[in-house]
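A.B. asks: Quick note: the sequence shown uses full-length UniProt numbering, first residue 1, plus one each step.
Glycine included, each C-beta is placed from N, C-alpha and C at the ideal position.
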Amino acid sequence: MGFITVNVSLVASYINDKGKEKEASLVQSFFSRPIQRILNDVDDILGKNESAG
């Protein structure tokens, strides 16, 4: 299989002094992962959610 580039970012939402909702980007990262590894991670996450429900 091939590779896929993943973009992950962490954004903080807050309300400023004037009561307006704002967002601030804290971190952003790009990385490449093998497609099979991403599919395995998704399967793990879905499996954990099914067993918790």
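Which residues mark the beginning and the end of the beta strand (DSSP E) in which Asn-7 is found?
C.D. replies: Within the sequence shown, numbered from 1, the residue matching residue 7 stands at position 7. Residues 3 to 15.
A.B. asks: Quick one: Cα of Val-11 to Cα of Gln-28, how far?
C.D. replies: Taking the sequence shown and counting its residues from 1, the one referred to as residue 11 is at position 11. Taking the sequence shown and counting its residues from 1, the one referred to as residue 28 is at position 28. Approximately 9 Å between the Cα atoms of the pair.
A.B. asks: Per DSSP, which one or two residues make a beta bridge with Val-42?
C.D. replies: As a first step, residue 42 is located in the sequence shown; it is residue number 42 there, counting from the start. In DSSP, Val-42 forms no bridge with anything.
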